[in-house]
Every structure is written in C-alpha cells, then in structure tokens.
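S.K.: Residue numbers (this note's numbering), protein chains in the order written: chain A, 1 to 117; chain B, 118 to 234; chain C, 235 to 465; chain D, 466 to 550. Even for Gly, the Cβ is constructed at its ideal location relative to N, Cα and C.
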Amino acid sequence: MAVLDILGAIITLIGSLFLLLGSIGILRMPDVYNRMQAGTKATTLGSMMFLLGLGISYIECGCIGRIVVLILFILFTNPISSHALARAAHHAGIKLADVSIRDCLKDDEQEQKGASV
Amino acid sequence: MRYTLILGFILFMIGLWAMLTRKNLFKIVIGFSIIDTGVHLIIVTIGYLSGKTAPILDKLVTPANAVQKVVDPIPSALVLTAIVIGLAVTALMLSYVVRLYKRRKSLSIEDYRELKW
Amino acid sequence: MIKRLLIIVVIILLIVIFLPFMKNVILKDSLNELSSGYVEKSVSDLKTANIVTAVVVTFRGLDTLGEVTVLFIATAGVGLLLKRKKGEKSKKSDKRPASEILQTGASFLFPLTILFGVYIFLHGHLTPGGGFQGGVIIASAFLLLLLSNINFQFNHTVLHWVESLSGAFYVLLGLLGLILLGSFLNPKFLPLGTLGTLFSAGAVPLIYSFIGLKVGSELSNILDSMRGAEE
Amino acid sequence: MITVFIIILGIIMILAAIIAVMSKNLLTAIISSGVISLLASIIYLILSAPDVAMTEAAIGSGLTTIVFLYALSRIKKINKEIDDD
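As structure tokens, then:
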C-alpha cells in the first residue's frame, strides 16, 4: 500500500507542477492565442495526472473507473472548447502578437473567399 | 461559519442597492440574481453544523450513527428547489426586458414612466 | 436628490434592523427534532442513502409539486412573451457556421451528456444529485447542440409530449400512493429493497426520474425561446 | 485554514458583485455575476451540501449566464434591425 501511496503522491505532484506552469504561462505569454495554448495544453495534462494520482493513492475506494471516465472527458472537451474560444477570438479581430509570423487561419479564410467569389 | 452568514448579508445588500439605484434594466435583473445567491448562502449556513458531513450515507455514516454525523438536510432541500425557480424567474424577467425593448427601444428604466407618480 | 436620500435611508435602516439578527443568530451544534426525525425515518422507513432526496421527494413532496408547477408557469410565460408573430419573419442570420471540429465534437458529446444526466437522476437516492441536477445536465446537452449548430431546430411536438407526460406520470404516482397507502406521494407501494442498491427506496427513483425529465424539457424549452427561432 | 479560504473566496465574491453592479459594459457585468455563482458553489461544498453545490454550479454559472447572453444578443439583433430599416 505504501508504494502505491508514494507513487500516487509523485504523480499528483507532477500534475500540480504542470498546472502551476500553465498558470505562469497564462501570465507571461504575449497574446491571447499563446495564453490559450498554455492554458489548455498544460492544464489538460496537469489535471489528468492529478486525477490519476488521486485514483492511485485512494485505490481502495474503488473509484478508479470513474476517474478514467473523467480523464477521457477532460481529454475530449478541453481541446474542443479551447479551439472554439480561439476561433471566436480570431473572428472578433483580436490581433496576434508582434513577434508572430504566420496566420494560417486568415490565409485559409481569404482563400475560401476567393474560391467562392 | 459566521463568515458565510456575513458574506450572504453583504451580497444581499449589494444586490438590493443595485436594484434600487441602477437605471439599466439588465443591471436590475443582475441585482436580483445577486440577492438570490446571498439568500441561498444564508439559508445553507443556518443548516450547517460544524464538524459534520453531508447527509448521505456511506461507509463512515452508517444508519446507526446518522443522526449524530450529518448536517441538517431540510435547508439543502429547500435551496435546491429555490435555485431552479430562480433560473426560471430570471428567464421570465429577461423576456420582459426583451419585450419592453422591442416596444420602446430603450433599456433605461427612466423611459418607462406610465406608472410613475 | 430626495430619491437618492431615500434609498440610502432605506439601506441603512435595513442594515440596522438585520445586523443584530446576524450577530445573535445561534448556530446550533445538533439537529433539531424535525430534522433528526427526517433522518431517522429516511434511513429506516424509506431506505434512501441520500437524505436530501428523501426530503425533496417524500417528506416535502408537495413543495416539489408546487415548484414544478411554478417552473411550468414560468416556462409558459417566457414562451408567450417571446413568441414570434406569424408574418414577422426574421432575416437570414449572417452568423458563420461552427467549425468542423466543434460540430463533430458536439455530436459525439451530446449522447454522452444525456447519458450522464440520466445517470445522475437514476442514482439520485444513492449519491449527490437527483432530478433537478440531472434535468439541468440534459438541458445543457441540448444547449450544446443549439450553440454548435446554428440551424438546429427542436422537435417541439416531442418536447411537449415528454414534458406533459412526465408531469402527468409524476402526479399519477402520487395518486397511486394516495389510493394504495392512503397518503399522497407515498413511495412505499413498491418493494423497498436493501439500502444502497439501485432498486431500492420504493418509488423514489421513479418519481425523481419523472421530475428530471420534466425539468430537463422545461429548461430546454426556456433556452429555445430565449434564443429565438431562426427561420 | 478553511476559514482563511472562505474569507478569500468571500472577498473575491464581493469584488465580483461590485464589478457586476458598477461596470459600464454589460458583458463584463454578466460574466462577473456568473463568477459569483461559481464561487458560491465552492462555499456550498465547504458547508457540506454537495447537492446544492452541483445545482448551483450547473444553473447559477452555466444556464443563467447563457440566458443573460441570449437576451443581450436578442437586444443587439433588434438594434440591428432598426439600423437596417
């Protein structure tokens, strides 16, 4: 039991480290899109590992199945919601940071407009 | 848990102040929903007993010692229904706002003076 | 000026009245007689593991019936106020459609969310949750469809039938308790089973499921009316 | 420890309420009134009422915000129709 406890604690610690890095990224990144990336990639992995660690350390309560379902749900919904947010931000005309060099979505939209006209 | 009691009271007062002083119809509805939250907080706090757990039986709360271990279930049940009603009433108020705006093209309460004296 | 002064006076007066009450309220440290009676009864007589469910469905069942009625009236009011007149056609909306990823994701998530809502209200007597929470989750599943697909239309016939039938069955189950056992909304006409299993607590899960269906369809109706029909 | 947590949550809730009341932008006001409900659901969880916490998290911060936003978008649509005519 002690081995599982320590293993779960380590995985939870790594997960919370990812969450911390994600929140630092939200503060430090230059524009909306980069912030969204930091807030999605890091927190998806972080919360998944957090839940997994909790499930391993409390393995005797038998809730590991529910935790797997939760992890799948987070894995599925987090990227989709972030994608919708980023697309809405792009549509609302929020500028990219000055250092960024490519805007593929804009190119695609112009191409489509050119094709339809 | 006296703090949540005070918090609910402050929220109630902020909501009441918003309902009395704001001109915008939306702000009045928002004030109403803040009052709602404050009142629910006060009711749940009154049902709380310090050091006891949620009124759900599990491994620790057995049928034999349930009475000594759980918080008061009645305020929870009442607030449960009150929250759902709160949503329906908010939706009704907002539909009145939309309807009034369609008729008079104004969101300010000062433009509706038929019943003013 | 006088109005503003009046408002300040009213608020100060309310604070002066209610502050002593807030200060002197006695936070108890044990259940009062009514609550402990409810806890004992729900464990021994009804065999519901979640005591809040027992209070909502059985002991305070009439309150819940009234609450569902209020919800119904509010929904009818919203629908009536925001009804579009016959001749008044809205213009073609210039919203752009949602992206491929969002549409696929929403159509995949919709049945899962409905399943989760049904799970919540079927297990209302065992775990936290119940008809109201499950109904809200079902309504948010429909909200997902409304948001991801701009041309989505509710099938209003099905929605109205679900709403009316679940309300009618809720009252019928209550009347069944009245006829068989002599008190309205008495769920003990079905076998009680053992504490902590899915088929226990008499008719409580059944009644809560009907409440859940009714709340879900009514809230979906409110969302649909608030969105406004895009012709 | 839990008391400090409740006090911090309470301060954020009161700030959000003041922003919701004072803000000139209606969108900001609506979002911060959703934040109040979301934080209130955490407090219900601390007060050991998980049923209420679930309902408040789903209704108060989810559906109520959506209903407000739908009403706001309808008002903007009415405005647009006036401009077009």
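So A:R87 contacts chain C; which residues on that side make the cut at Cβ distance below 7 angstroms?
M.R.: S333
S.K.: With three or more beta-carbon pairs closer than 8 angstroms as the criterion, would you say the segment 156 to 168 of chain B touches the segment 123 to 136 of chain B?
M.R.: yes
S.K.: Can you find the residues in the same chain that come closer than 7 angstroms, C-beta to C-beta, to B:A183, ignoring five residues on each side of it along the sequence?
M.R.: The answer, listed in chain order, is L174.
S.K.: Is the number of C-beta pairs between the segment 88 to 99 of chain A and the segment 25 to 37 of chain A that are closer than 8 angstroms three or more?
M.R.: yes
S.K.: What does DSSP give as the partner residues of B:V187 in its beta bridges?
M.R.: B:T170
S.K.: Where does B:S225 sit, in a helix, a strand or coil, going by DSSP?
M.R.: strand
S.K.: For C:F293, collect the residues of the same chain with a Cβ closer than 7 angstroms to its Cβ; drop the 5 residues on either side in sequence, then sort them by chain order.
M.R.: Y272
S.K.: Do you know whose CA, among B:R221, B:K222, B:K144, B:K186, lies nearest C:D263's CA?
M.R.: Closest option to C:D263, Cα to Cα, is B:K186.
S.K.: So, helix, strand or coil for C:E465, using DSSP?
M.R.: The pLDDT assigned to C:E465 is 42, lower than 50, so where the model puts this residue is not dependable; a value taken from the coordinates is nonetheless given after this. Coil.
S.K.: Pull the bridge partners of B:N141 from the DSSP assignment, please.
M.R.: B:S225
S.K.: What does a CB cutoff of less than 6 angstroms around C:A288 pick up in its chain, not counting 5 residues either side in sequence?
M.R.: S276, L280, T282
S.K.: Quick one: residues in its chain with C-beta nearer than 6 angstroms to the C-beta of B:G148, no 5 flanking neighbours on either side, listed in chain order?
M.R.: G132, A135, M136
S.K.: For D:I524, would you say it is in contact with chain C, using Cβ-to-Cβ distances shorter than 7 angstroms as the test?
M.R.: yes
S.K.: So which residues on chain D does B:K219 lean against when the C-beta distance must stay under 7 angstroms?
M.R.: I543
S.K.: Taking Cβ positions only, does B:D189 come closer than 7 angstroms to chain C?
M.R.: yes
S.K.: Which residue comes first and which comes last in the alpha helix (DSSP H) that contains A:I101?
M.R.: From DSSP, A:I101 is part of no alpha helix (DSSP H); its letter is neither H nor E.
S.K.: Please identify, using Cβ separations under 7 angstroms, the residues of the segment 499 to 513 of chain D that lie next to chain C, in order along the chain.
M.R.: Flagged: no residues at all.
S.K.: Is it a yes or a no for the segment 185 to 205 of chain B touching the segment 430 to 448 of chain C, going by three-plus beta-carbon pairs under 8 angstroms?
M.R.: Per the Cβ contact rule, the segment 185 to 205 of chain B is not in contact with the segment 430 to 448 of chain C (fewer than 3 Cβ pairs under 8 angstroms).
S.K.: Less than 7 angstroms separating the beta-carbons of C:E452 and C:L356?
M.R.: no
S.K.: When you compare only the Cα positions, how much space is there between B:L142 and B:M210?
M.R.: 10 angstroms
S.K.: Could you name the residues of the segment 183 to 212 of chain B whose beta carbon sits closer than 7 angstroms to any beta carbon of chain D, in the order they occur along the chain?
M.R.: V188, S193, V196, L197, I200, V201, L204, T207, A208, L211
S.K.: Taking all protein chains shown into account, decide if C:T428 is buried (16 or more other Cβ within 10 angstroms of its Cβ) or exposed.
M.R.: exposed
S.K.: What's the gap between the Cα of C:L349 and the Cα of C:A437?
M.R.: 21 angstroms
S.K.: Return the bridge partner residues of C:N284 from the DSSP annotation.
M.R.: B:I173
S.K.: Since A:T44 meets chain C, which of its residues come closer than 9 angstroms, beta carbon to beta carbon?
M.R.: Within chain C, no residue comes near A:T44; the closest Cβ sits about 14 angstroms away, beyond 9 angstroms.
S.K.: Buried or exposed for C:V404, going by 16 or more other Cβ atoms inside 10 Å?
M.R.: At residue 404 of chain C the sequence reads Tyr, which differs from the Val that was named. C:Y404 comes out buried.
S.K.: Using the beta-carbon count (16 or more within 10 Å), is B:R119 buried or exposed?
M.R.: exposed
S.K.: How would you write the range of the alpha helix (DSSP H) that C:P331 sits in, first residue to last?
M.R.: Going by DSSP, C:P331 is part of no alpha helix (DSSP H) at all; its letter is neither H nor E.
S.K.: Check whether the Cβ atoms of C:V352 and D:A523 lie closer than 7 angstroms to each other.
M.R.: no
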